[in-house]
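Please read the structure below before turning to the comments.
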Amino acid sequence: MSNLQLEKHRDVTFIWLNDDEGILIACDSCSGVGIKERDFVKVLPEVVGYYTAQVALIEILALKAQPFAIINNLAVEMDKTGKEIIKGIEKALVAADLKDKVVITGSTEENFPTVQTSVGITVLGKVNRRTWTLPKSGKGDFIAVVGIPKVGEEVIMDFGQETMLMGRYKNLLQNPFINEILPIGSKGILYELEVLAHSNNLAFELSERINLDLKKSAGPATCALITFKERNIYEVSKDISLPFNIIARFI
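Position 246, counted from 1, in the sequence shown is what the working numbering calls 247; the numbers after and before it change by one each time, with no gaps.
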């Protein structure tokens, strides 16, 4: 392969370097959340770092790639807001068991004072094309939502009682009966369900009774879609402590 090949899958960009190596790129951003004067949601910068890193990390991990770098573009001063955000990023890596496997680099704003917190995070992952397989779902698979979509102050008030955290994503990733995992963000459950169906060239039928707002923002991936075979429902759900709602089936 002489030239780079670019592909897009869901929100992740693939760069195939050659016949063997591929780089995956996932991004997330957060603005107006922090403890600065003009932040709309007041929360510690460490929490901002944790959740923003979680979103991009999970997008890479859900595709069975190995993260190797996090780039943080922090539109805040390093001392001390930037340091606190980076501390949160490091906590997300520890929760994902990636602390010594991922390098952190980035930049901060040192020329001018800032009055609002803004963070951009990019995660790079890698795969070996000869051994890696893209996770897929099949006709007849059940689609469930793990967790409850929450955003803004709801996330802070929840304290992880009904929402996904990195450790819980790690548990889902280790379950061999789950076919695909798709973190849900600001566009809501229904949008991501449509993305998942499109990426598998499948249609879906919704369950008759759904007790979730399918269009509500899930903020920093506070819930996730998972797919699995009907016969594996017990093996999938038995260790999940969060709300577990089957919302559709692929047809």
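By construction, the Cβ of each residue, glycine as well, lies at the ideal position given by its N, Cα and C atoms. Quick caveat, the model's predicted, so the values are computed rather than measured.
Please say whether F229 and D142 have beta carbons closer to each other than 8 Å?
-> yes
CA-CA distance, S242 and Q162?
-> 9 Å
Based on the DSSP secondary-structure assignment, which residues constitute the bridge partners of S108?
-> N74
Quickly, what does DSSP pair S30 with across the bridge? List them, please.
-> G121
May I have a chain-ordered list of the alpha helix (DSSP H) segments no shorter than 4 residues that lie completely inside the stretch 200–247?
-> 234–238
Reducing DSSP to helix, strand and coil, say where Q55 ends up.
-> helix
Cβ atoms of M167 and A225: under 8 Å apart, would you say?
-> no
Going by alpha carbons, who is nearest to E38 out of Y192, S119, P244, T134?
-> S119
DSSP three-state call for T82: helix, strand or coil?
-> helix
Contact belief for E85 with P46 at Cβ below 8 Å, rounded distance in angstroms = 4 Å
Checking contacts by CB at 8 Å: is I149 closer than that to chain C?
-> No chain C appears in the structure shown, which is made up of a single protein chain.
Within the chosen definition, does the stretch 22–33 reach the stretch 96–107 through at least 3 CB pairs nearer than 8 Å?
-> no
Let me know the secondary structure DSSP gives K137 once reduced to three states.
-> coil
Residue closest to F15, alpha-carbon to alpha-carbon, out of L64, V42, G186 = L64
Roughly how many angstroms lie between the CA atoms of G126 and I71, to the nearest whole one?
-> 9 Å
T223: buried (16+ other C-beta within 10 angstroms of its C-beta) or exposed?
-> buried
When DSSP labels each residue in this structure, what does I157 get in the three-state scheme?
-> helix
With distances taken Cα to Cα, identify the nearest neighbour of Y51 among Q67, N74, K88.
-> K88
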